[in-house]
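**Q**
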Amino acid sequence: MPHSIHQLFEHLLSQWSDLPAVEHNNHSITYLELNQRANQLAFEIQQKAPESVIIGISTTRSIDMVIAMLAILKSGKAYLPLNPTYPNARLLELIDNAELEFILCDYSEEQFFNKLELNAVTYQSVKNQEIANHSFPFFEERAYVLYTSGSTGKPKGVCLGHAALLNLIQWQSTNSNAGIGTRTLQFAPLTFDASFEDIFSTLITGGTIVLIEEQWLIEPEKLLRFIDQQKINRIFLPFVALQFLTDTAIAQNIYPQSLQYVMTAGEQLKITPQLVSFFSKLSNAVLFNQYGPTETHVCTCLRLDGDPQQWPALPSIGIPLPNTQIHIVDEEAKEVDHGVVGELWVSGVCLANGYLNNPSMTHEKFVDWTDAKGQIQRIYKTGDLAKYLPDGNIEFLGRKDDQVKIAGHRIEPAELELILTNQTGVSQAVVLAQDHNNGLKRLVAYLIANPQQVNQESIRMALKKILPDYMIPAVFVFLDEFPKTSSGKVDRKALPKPD
Numbered sequence: 057m058p059h060s061i062h063q064l065f066e067h068l069l070s071q072w073s074d075l076p077a078v079e080h081n082n083h084s085i086t087y088l089e090l091n092q093r094a095n096q097l098a099f100e101i102q103q104k105a106p107e108s109v110i111i112g113i114s115t116t117r118s119i120d121m122v123i124a125m126l127a128i129l130k131s132g133k134a135y136l137p138l139n140p141t142y143p144n145a146r147l148l149e150l151i152d153n154a155e156l157e158f159i160l161c162d163y164s165e166e167q168f169f170n171k172l173e174l175n176a177v178t179y180q181s182v183k184n185q186e187i188a189n190h191s192f193p194f195f196e197e198r199a200y201v202l203y204t205s206g207s208t209g210k211p212k213g214v215c216l217g218h219a220a221l222l223n224l225i226q227w228q229s230t231n232s233n234a235g236i237g238t239r240t241l242q243f244a245p246l247t248f249d250a251s252f253e254d255i256f257s258t259l260i261t262g263g264t265i266v267l268i269e270e271q272w273l274i275e276p277e278k279l280l281r282f283i284d285q286q287k288i289n290r291i292f293l294p295f296v297a298l299q300f301l302t303d304t305a306i307a308q309n310i311y312p313q314s315l316q317y318v319m320t321a322g323e324q325l326k327i328t329p330q331l332v333s334f335f336s337k338l339s340n341a342v343l344f345n346q347y348g349p350t351e352t353h354v355c356t357c358l359r360l361d362g363d364p365q366q367w368p369a370l371p372s373i374g375i376p377l378p379n380t381q382i383h384i385v386d387e388e389a390k391e392v393d394h395g396v397v398g399e400l401w402v403s404g405v406c407l408a409n410g411y412l413n414n415p416s417m418t419h420e421k422f423v424d425w426t427d428a429k430g431q432i433q434r435i436y437k438t439g440d441l442a443k444y445l446p447d448g449n450i451e452f453l454g455r456k457d458d459q460v461k462i463a464g465h466r467i468e469p470a471e472l473e474l475i476l477t478n479q480t481g482v483s484q485a486v487v488l489a490q491d492h493n494n495g496l497k498r499l500v501a502y503l504i505a506n507p508q509q510v511n512q513e514s515i516r517m518a519l520k521k522i523l524p525d526y527m528i529p530a531v532f533v534f535l536d537e538f539p540k541t542s543s544g545k546v547d548r549k550a551l552p553k554p555d
């Protein structure tokens, strides 16, 4: 049984060696070519960086990028994505924290990374020679390091191991029924954990990874037309991107009938009228609502199929993946009964190894915990609130530190956001509780809306007919678009504060 991602890839390779593995800009390589070129690059890594345990990789999209991911794993090391468009100060902070020395990149980026005091190994410098599989020592249990924002202002390097990721992609390969010939759009930047899922769950099932142009991430019409023209079958999208895509599909009357599997994550899924309309016009497309922080990758999932008109307005996050356990606990770290709200803790094979070169943070977030049966388990404290539903699914209730109370009433922002998007002319909504001059909190609603159909007065009057006064936002802010994080989520901290 393979014990690593690349060993599983090699184990299955002969079943589809001549099929297309990766496509980009009208170019493609077969699985056999992908394996050969990854072996060559892995050999180069071993020759030039034998002592390094982490190798950087440029996030610039290309076929070589996918080859490099596989090559780093084959060389027995972990990969760390670096985005050359990030500010130099941010890149230097990551490089310093990871003690990074080498990076794989295109020759056009060599000088840039050299100036950051990295040794750049360019894709074009690799010798064309026959290198066999399994010729490299496998000594690095970590598969990748991804940096997330920390509450201290310092980025945290999350280390995910092969066991956790094997569990994920083997589940994914059967859960979506994707297989030989399935065309998967590679949407997520390499700095976002969904990129690993969409790439490697494709490569172990004989499908084709289809890369897009970076600017299409913010151009939904071009993205939608590409999905339609390239007959894409599967996409992994943050919920915000899915909203933009459905809005564009309705506006342009484009409904890609090839689309069979849509995976979304990153924020509370809301089944808006636009989503219902979009999926109603597709031929049996399935929507998967995935949940999981970077420290666990995906740890629960809900499958939505059948008539979209019957989908719940605020879907649950489903049930745990195999070999994964979800615990809902109270303030005293005791598991609560079904239906009772508590903090969501995760245990099982999905857990990250910890934070790179940050033992204090690792020990704070990943702890040994004694469950109700007296068994000691290593768990990750997510900081999210949730509860078990009677059917065994889990309802996500937001961040523990983001709970909203107005005039003594608890308010669920996701519920209010859904109500707002159900109003005529409103396509997207974000609701925040912000401190006001008198020290009390007030609700602020940020809307993307058609100005010909909705304004401050009309939306307020519409809400007064269906909501109690304490649930009606004090302020409405109309925006052309929401600021986003590098992973595609709404950047709530960057939303402008109203006067």
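Heads up, the sequence shown is in my numbering, so the first residue is 57 and it goes up one at a time. Glycine included, C-beta positions come from ideal geometry on N, C-alpha and C.
#1: Take residue 290 as the anchor and find which of 258, 118 and 269 has the nearest alpha-carbon.
#2: So, with DSSP's three-state summary, where would you put residue 57?
#3: Curious, which full-length beta strand (DSSP E) runs of at least 3 residues does the segment 469-540 contain?
#4: Would you decide whether residue 70 is buried or exposed? Buried here means 16 or more other CB atoms lie within 10 Å of its CB.
#5: Report the residue from 462, 317 and 378 whose alpha carbon sits nearest the alpha carbon of residue 361.
#6: Counting along the chain, where does the beta strand (DSSP E) carrying residue 403 start and finish?
#7: Please look up how many angstroms separate the CB atoms of residue 594 and residue 241, rounded, as I've assumed it's under 8 angstroms.
#8: Curious, which full-length alpha helix (DSSP H) runs of at least 4 residues does the segment 117-167 contain?
#9: Taking the alpha-carbon of residue 256 as reference, which of 536, 87, 541 and 440 has the nearest alpha-carbon?
#10: Tell me residue 425's beta-bridge partners as DSSP assigns them.
#11: Cutting at 7 angstroms between CB atoms, please list the residues of its own chain near residue 528, excluding the five before and the five after it.
#12: On the DSSP letters alone, give me the boundaries of the beta strand (DSSP E) that residue 451 sits inside.
#13: Just reading off the alpha helix (DSSP H) that residue 288 is part of, what are its end residues?
#14: Is the distance from the Cβ of residue 122 to the Cβ of residue 78 below 8 angstroms?
#15: Under the three-state reduction of DSSP, which class applies to residue 183: helix, strand or coil?
#16: Tell me whether residue 253 sits in a helix, a strand or coil according to DSSP, three-state version.
#17: Quick check: the Cα distance between residue 533 and residue 62, rounded to an integer number of angstroms?
#18: Which partner residues of residue 236 appear in the DSSP bridge assignment?
#19: Determine, for residue 120, whether the minimum Cβ-Cβ distance to residues of chain B falls below 8 angstroms.
#20: Provide the residue span of the beta strand (DSSP E) that contains residue 359, from first to last.
#21: Residue ranges of each beta strand (DSSP E) run of no fewer than 3 residues wholly in the segment 323-389, ordered along the chain?
#22: Does DSSP classify residue 76 as helix, strand or coil?
#23: Answer yes or no: do residue 370 and residue 357 have a C-beta to C-beta separation smaller than 8 angstroms?
#24: Can you tell me whether residue 276 is buried or exposed, with buried defined as 16 or more other CB within 10 angstroms of its CB?
#25: With 16 other CB atoms within 10 Å as the buried threshold, where does residue 563 fall?
#26: With a threshold of 7 angstroms on Cβ separation, who are the neighbours of residue 278 within its own chain once the five nearest residues in sequence on each side are excluded?
#27: Can you give the Cα-Cα distance for residue 262 and residue 222, rounded to whole angstroms?
#28: With three or more beta-carbon pairs closer than 8 angstroms as the criterion, would you say the segment 150-161 touches the segment 104-124?
#29: Is it right to say residue 552 is buried, meaning 16 or more other beta carbons lie within 10 angstroms of its own, or is it exposed?
#30: For residue 380, collect the residues of the same chain with a Cβ closer than 6 angstroms to its Cβ; drop the 5 residues on either side in sequence, then sort them by chain order.
#31: If you pair each beta-carbon of the segment 335-354 with each one of the segment 301-321, do three or more pairs fall below 8 angstroms?
#32: So, are the CB atoms of residue 530 and residue 500 less than 8 angstroms apart?
#33: To the nearest angstrom, how far is it from the Cα of residue 233 to the Cα of residue 286?
#34: Roughly how many angstroms separate the alpha carbons of residue 266 and residue 292, rounded to a whole number?
#35: Based on Cα-Cα distance, which residue from 116, 507 and 492 lies nearest to residue 555?
#36: Output needed for residue 556: all residues of its chain with C-beta closer than 7 angstroms, excluding positions within five of it in sequence on either side, in chain order.
**A** Well, looking at it:
#1: Residue mapping note: residue 290 aligns to position 234 of the sequence shown, counting from 1. Selected option, being the one with the closest Cα: 258.
#2: Position 1 of the sequence shown, counting from 1, holds the residue named residue 57. Reduced to three states, the DSSP call for residue 57 is coil.
#3: 482-491, 497-505 and 531-534
#4: The residue given as residue 70 occupies position 14 in the sequence shown. Classification for residue 70: exposed.
#5: Here residue 361 corresponds to residue number 305 of the sequence shown, with the count starting at 1. For the residues 462, 317 and 378, the minimum Cα distance to residue 361 belongs to 317.
#6: Here residue 403 refers to the residue found at position 347 when the sequence shown is read from its first residue. Here the beta strand (DSSP E) through residue 403 covers 398-404.
#7: This structure does not reach residue 594, given that the chain is present from 57 up to 555, and the question cannot be answered.
#8: 119-130 and 144-154
#9: Residue numbering aside, residue 256 sits at position 200 when the sequence shown is read from its first letter. Minimum Cα distance to residue 256 is reached at 87.
#10: Start at 1 with the first residue of the sequence shown, and residue 425 comes out as number 369. Beta-bridge pairing links residue 425 to 433.
#11: As a first step, residue 528 is located in the sequence shown; it is residue number 472 there, counting from the start. Answer for residue 528: 516, 519 and 520, listed in chain order.
#12: Residue 451 sits at position 395 when you count from the first residue of the sequence shown. 450-455 is the extent of the beta strand (DSSP E) around residue 451.
#13: Mapped onto the sequence shown, residue 288 falls at position 232. Careful: residue 288 lies outside any alpha helix (DSSP H) and carries neither H nor E.
#14: The residue given as residue 122 occupies position 66 in the sequence shown. The residue given as residue 78 occupies position 22 in the sequence shown. Yes. Within cutoff.
#15: Position 127 of the sequence shown, counted from the first residue, corresponds to residue 183. It is coil, neither helix nor strand.
#16: One-based indexing of the sequence shown puts residue 253 at position 197. Helix.
#17: Counted from its first residue, the sequence shown places residue 533 at position 477. Counted from its first residue, the sequence shown places residue 62 at position 6. Each residue's Cα considered, the two are about 48 angstroms apart.
#18: Numbered from its first residue, the sequence shown carries residue 236 at position 180. Partner(s): none; residue 236 has no beta bridge.
#19: Annotation note: the requested chain B is absent from the structure, which comprises a single protein chain.
#20: Against the sequence shown, residue 359 aligns to sequence position 303. First-last of the beta strand (DSSP E) with residue 359: 356-360.
#21: 342-347, 356-360 and 380-385
#22: Within the sequence shown, numbered from 1, the residue matching residue 76 stands at position 20. It is a strand residue.
#23: Within the sequence shown, the letter at position 314 stands for residue 370. Within the sequence shown, the letter at position 301 stands for residue 357. Against a cut-off of 8 angstroms, the Cβ pair of residue 357 and residue 370 comes out as no contact.
#24: Position 220 of the sequence shown, counted from the start, is the residue given in the question as residue 276. Buried is the call here.
#25: The structure shown does not extend to residue 563, since the chain is modelled only from 57 to 555, so the question has no answer here.
#26: As a working note, residue 278 is residue 222 in the sequence shown. Correct list, in chain order: 272.
#27: By 1-based counting over the sequence shown, the position of residue 262 is 206. By 1-based counting over the sequence shown, the position of residue 222 is 166. So the two alpha carbons sit approximately 16 angstroms from each other.
#28: yes
#29: Taking the first residue of the sequence shown as position 1, residue 552 is located at position 496. By the 10 Å Cβ count, residue 552 comes out exposed.
#30: Counting from 1 along the sequence shown, the entry for residue 380 is found at position 324. Cβ within range, chain order: 355, 404 and 406.
#31: yes
#32: Walking along the sequence shown from the start, residue 530 turns up at place 474. Walking along the sequence shown from the start, residue 500 turns up at place 444. Yes. Within cutoff.
#33: For the purposes of this step, residue 233 is taken as the residue at position 177 of the sequence shown. For the purposes of this step, residue 286 is taken as the residue at position 230 of the sequence shown. Looking at the two C-alpha atoms, the distance is approximately 20 angstroms.
#34: Along the sequence shown, read from residue 1 onward, the residue named residue 266 stands at position 210. Along the sequence shown, read from residue 1 onward, the residue named residue 292 stands at position 236. Cα-Cα distance, rounded: 12 angstroms.
#35: The count along the sequence shown starts at 1 and reaches residue 555 at position 499. Cα-wise, what sits closest to residue 555 is 492.
#36: Nothing can be reported for residue 556: it is not among the residues displayed for the chain, which extend from 57 to 555.
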